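Asker: Numbering (the numbering used here), first residue to last: 2 to 623.
Encoded structure:
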């Protein structure tokens, strides 16, 4: 392919395909185009896979590079042909009641193979391997023992279901990717292209100015703001860490501490509404609840995690003797000026959230938010220039390109969910987890946590949640856990898998930026993010954490939750006005966990434990 396309032509082709797909989606949501769901999904996945196979492969071997390029040409052409064929054949297959011919099945098989190879290239071997394992299960199940035994399925039935129906590859996951997610990635790209990143950094820096651990608190706010729309904790670390980690190191944090803080807050950004790493939209579809309910349910746990990290960095700074560096403070802009200059970004963001709260679809809300970014920029600069056109084009292209890994992961997840539907493997796995737990909810939750962390390791947020929603969450539902709670539970643990050793991807990226020991950053991040491992258990036992209940219950939960995460932060750092002993850390940590849980008894126990310890050790006296 390198002989066919020179570098400039290759870049232009990638840009043209991405721009066409972006305009296609914007035109569709605006009502300019009116197309069926299947056509939208087919066009979306076809172009996304073409973009994958247009990616160059960096290697020193010319022979390997040439083989890769020629193979990519074949895969590129196959993606285009199969995509066009399906678009033409969809209606005929649907109107015939699902009748297919031999060529239909060949195309279906090619699509499955293309999805697996695309997944391997842009998401990684782990998800590709999981997809292959599930794909083989219908044919191997008659030979497997115990709960994994199955009657099997014919190849024709499997391929037809996976690629020629509105399920499998073209099911809910790719449907969400081709509507909600793609519009939000384009929205994020428009924010970035028009300067929102610089505004968020200035805003974060201004809010924390003058406080102890100002740089770390800036990192917490900045990385959370950008992380919630990035869709990847590791990716967010790579982007924001280049700013925040050197700041923290300069202020006095050790290299491994700086890397760990950035890894944790980038992970926390995936939990923060309204976007929640793009997983919120899929959750709304799977659970069958309005998107605003997902936002509402996820808000308090995310805020408590966010607050816990602020407590951790503050206490770590006080313990380490890190003081505020006043250098350059006088030259900083006041907050009101930063907010005024940032209005072109704040107004679209507020509009986005406001429209969704009022009941408008996330797709339409994001479209109007994008439109506002463009209009407000034109009103400010008062010039329709060539540079403005370039910004619009670049933002559209970058938005589509950033959605490539998510879309491919969604297609792979569609294969997994399709196999679960065909074989009934999902219910078997649920029975297996329930039997291992002995019907004890706490044991079932623990087993689900372990499965969620293992399956989520190394995957972007959306891909991780999709796997867990189809494989693990049904087990919790079968144990009587409310559907939304079950999905929130696995979502949280899928996110924190990025800071859970030994495969703590976000931590390892942060270690590279911080030039620190990988294992040291990984275990420090695990410790700093400990609250996030407790929150899912807390909202299982206390649904008020998910904003379910009366206003009084929610308020009291928020109050005791804040006290609880403060005590947990003190136990994590080992400091509360002075260094805590091991015994003190245990007592304070248990007290914090009790307060984080819901109930008058646990709240009373937590307050009494903390009160007696503090009074007994005179921590509040001079």
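All C-beta atoms, glycine included, are put in the ideal place defined by N, C-alpha and C.
What you are looking at is a predicted structure, and each value in this text was computed from that prediction instead of being measured.
Say whether the stretch 529 to 540 touches the stretch 466 to 485, bearing in mind that this needs 3 or more beta-carbon pairs closer than 8 Å, one atom from each stretch.
Answerer: no
Asker: Please tell me whether residue 398 and residue 19 are closer than 8 Å, where the distance is taken between their beta carbons.
Answerer: Residue numbering aside, residue 398 sits at position 397 when the chain shown is read from its first letter. Residue numbering aside, residue 19 sits at position 18 when the chain shown is read from its first letter. Yes, the Cβ-Cβ distance between residue 398 and residue 19 is below 8 Å.
Asker: Return yes when the Cβ of residue 45 is within less than 8 Å of the Cβ of residue 22, no when it is not.
Answerer: Taking the first residue of the chain shown as 1, we reach residue 22 at position 21. Taking the first residue of the chain shown as 1, we reach residue 45 at position 44. Going by C-beta atoms, residue 22 is nearer than 8 Å to residue 45.
Asker: Indicate whether the contact test is met: 3 or more Cβ pairs, each with one atom in the stretch 538 to 549 and one in the stretch 298 to 313, closer than 8 Å.
Answerer: As far as the Cβ criterion goes, the stretch 538 to 549 touches the stretch 298 to 313, which means the pair count is three or higher.
Asker: Let me make sure I understand the geometry here. Which of 385, 380, 386, 346 has the alpha-carbon closest to that of residue 367?
Answerer: Position 366 of the chain shown, counted from the start, is the residue given in the question as residue 367. Proximity to residue 367 across 385, 380, 386, 346 peaks at 346, based on C-alpha coordinates.
Asker: Report yes if the CB atom of residue 238 is closer than 8 Å to the CB atom of residue 170, and no otherwise.
Answerer: Locating residue 238 in the chain shown gives position 237, counting from the first residue. Locating residue 170 in the chain shown gives position 169, counting from the first residue. Not a contact, by the Cβ cut-off of 8 Å.
Asker: Which partner residues does residue 576 have in the DSSP bridge list?
Answerer: As a first step, residue 576 is located in the chain shown; it is residue number 575 there, counting from the start. Residue 576 is bridged to 580.
Asker: Can you tell me where the alpha helix (DSSP H) with residue 480 in it begins and where it stops?
Answerer: Locating residue 480 in the chain shown gives position 479, where the first residue counts as 1. Per DSSP, residue 480 belongs to no alpha helix (DSSP H) and is neither H nor E.
Asker: Measuring straight from C-alpha to C-alpha, what distance separates residue 514 and residue 259?
Answerer: The residue labelled residue 514 in the question sits at position 513 within the chain shown. The residue labelled residue 259 in the question sits at position 258 within the chain shown. Approximately 10 Å, taken between the alpha carbons.
Asker: Taking the alpha helix (DSSP H) that residue 605 falls in, what are its first and last residues?
Answerer: Here the question's residue 605 lines up with position 604 in the chain shown. Unbroken alpha helix (DSSP H) run through residue 605: 601 to 618.
Asker: Whose C-alpha, out of 610, 584, 583, is nearest the C-alpha of residue 595?
Answerer: In the chain shown, residue 595 corresponds to position 594, counting from 1. The candidate whose alpha carbon is nearest that of residue 595 is 610.
Asker: For residue 612, count neighbouring Cβ atoms within 10 angstroms of its own Cβ and tell me buried if that reaches 16, exposed if not.
Answerer: Counting from one through the chain shown, the residue named residue 612 turns up at place 611. The residue is exposed, with fewer than 16 neighbouring Cβ atoms inside 10 Å.
Asker: Using 10 angstroms around the beta-carbon of residue 523, count the other beta-carbons present and answer buried if the total reaches 16, otherwise exposed.
Answerer: In the chain shown, residue 523 corresponds to position 522, counting from 1. Under this definition residue 523 is a buried residue.
Asker: Grab the span of the alpha helix (DSSP H) containing residue 344 for me, first residue to last.
Answerer: Position 343 of the chain shown, counting from 1, holds the residue named residue 344. Element bounds for residue 344: 344 to 358.
Asker: In three-state terms, what does DSSP make of residue 540?
Answerer: Here the question's residue 540 lines up with position 539 in the chain shown. Residue state, collapsed to three classes: helix.
Asker: Of all the options 107, 590, 195, 120, which has the alpha carbon lying nearest to the alpha carbon of residue 388?
Answerer: The residue given as residue 388 occupies position 387 in the chain shown. Closest option to residue 388, Cα to Cα, is 195.
Asker: Pick helix, strand or coil for residue 518, following the three-state DSSP scheme.
Answerer: Against the chain shown, residue 518 aligns to sequence position 517. Coil.
Asker: Find out if the Cβ-Cβ distance for the pair residue 501, residue 476 is shorter than 8 Å.
Answerer: Here residue 501 refers to the residue found at position 500 when the chain shown is read from its first residue. Here residue 476 refers to the residue found at position 475 when the chain shown is read from its first residue. Not closer than 8 Å, so no.
Asker: I need the straight-line Cα distance from residue 472 to residue 173, nearest angstrom please.
Answerer: To locate residue 472, count along the chain shown from 1; it is residue 471. To locate residue 173, count along the chain shown from 1; it is residue 172. Taking the CA atoms as reference points, residue 472 sits about 15 Å from residue 173.
Asker: Using 8 Å as the Cβ pair cut-off and three pairs as the minimum, do the stretch 211 to 230 and the stretch 68 to 82 touch?
Answerer: The stretch 211 to 230 is not in contact with the stretch 68 to 82.
Asker: My output table needs one value for residue 294: the three-state DSSP class, helix, strand or coil.
Answerer: Working through the chain shown from its first residue, we reach residue 294 at position 293. DSSP places residue 294 in helix when its eight states are reduced to three.
Asker: What's the C-alpha gap between residue 97 and residue 262?
Answerer: For the purposes of this step, residue 97 is identified with residue 96 of the chain shown, where counting begins at 1. For the purposes of this step, residue 262 is identified with residue 261 of the chain shown, where counting begins at 1. When rounded, the distance between both Cα atoms is 57 Å.
Asker: Between the alpha carbons of residue 199 and residue 220, how many angstroms are there, rounded?
Answerer: Position 198 of the chain shown, counting from 1, holds the residue named residue 199. Position 219 of the chain shown, counting from 1, holds the residue named residue 220. Going by the C-alpha atoms only, they are around 13 Å apart.
Asker: For residue 34, collect the residues of the same chain with a Cβ closer than 8 Å to its Cβ; drop the 5 residues on either side in sequence, then sort them by chain order.
Answerer: Taking the chain shown and counting its residues from 1, one reaches residue 34 at position 33. Once the five neighbours on either side are set aside, the close Cβ partners of residue 34 are 25, 28.
Asker: Which residues in the same chain as residue 581 place their Cβ atom closer than 6 Å to its Cβ, once the five residues preceding and following it in sequence are excluded?
Answerer: Working through the chain shown from its first residue, we reach residue 581 at position 580. Excluding sequence neighbours, residue 581 sits near 575.
Asker: Secondary structure at residue 148, three-state DSSP: helix, strand or coil?
Answerer: Taking the chain shown and counting its residues from 1, one reaches residue 148 at position 147. It is helical.
Asker: From residue 337 to residue 201, what distance separates their C-alpha atoms?
Answerer: Indexing the chain shown from 1 puts residue 337 at position 336. Indexing the chain shown from 1 puts residue 201 at position 200. About 14 Å.
Asker: Is residue 445 helix, strand or coil when you go by DSSP?
Answerer: The count along the chain shown starts at 1 and reaches residue 445 at position 444. Annotated three-state conformation of residue 445 is helix, per DSSP.
Asker: Give me the Cβ distance between residue 349 and residue 381, rounded to the nearest whole Å; I'm assuming they're in contact under 8 Å.
Answerer: On the chain shown, position 348 is the one that residue 349 refers to. On the chain shown, position 380 is the one that residue 381 refers to. 13 Å between Cβ atoms; not a contact.
Asker: Report, in whole angstroms, the separation of the C-beta atoms of residue 539 and residue 598, which I expect to be a contact under 8 Å.
Answerer: By one-based count along the chain shown, residue 539 stands at place 538. By one-based count along the chain shown, residue 598 stands at place 597. With a Cβ gap of about 5 Å, residue 539 and residue 598 count as contacting.
Asker: Figure out for me which residue from 240, 430, 364 has the closest Cα to the Cα of residue 151.
Answerer: Walking along the chain shown from the start, residue 151 turns up at place 150. The residue with the shortest Cα to Cα distance from residue 151 is 430.
Asker: Counting pairs of Cβ atoms below 8 Å between the stretch 153 to 164 and the stretch 431 to 442, do you hit three or more?
Answerer: no
Asker: Does DSSP put residue 259 in a helix, a strand or coil?
Answerer: As a working mapping, residue 259 is identified with position 258 in the chain shown. Residue 259: helix per DSSP, three-state reduction.
Asker: Reducing DSSP to helix, strand and coil, say where residue 335 ends up.
Answerer: Taking the chain shown and counting its residues from 1, one reaches residue 335 at position 334. In the structure shown, residue 335 sits in coil (DSSP, three-state: anything other than H, G, I, E or B).
Asker: To the nearest angstrom, how far is it from the Cα of residue 356 to the Cα of residue 188?
Answerer: Reading the chain shown from its first residue, position 355 is the one you call residue 356. Reading the chain shown from its first residue, position 187 is the one you call residue 188. If I take the Cα positions, the gap works out to 15 Å.
Asker: Could you pull out every residue in the same chain whose Cβ sits closer than 6 Å to the Cβ of residue 465, ignoring the five residues on either side in sequence?
Answerer: Counting from one through the chain shown, the residue named residue 465 turns up at place 464. 457, 495.
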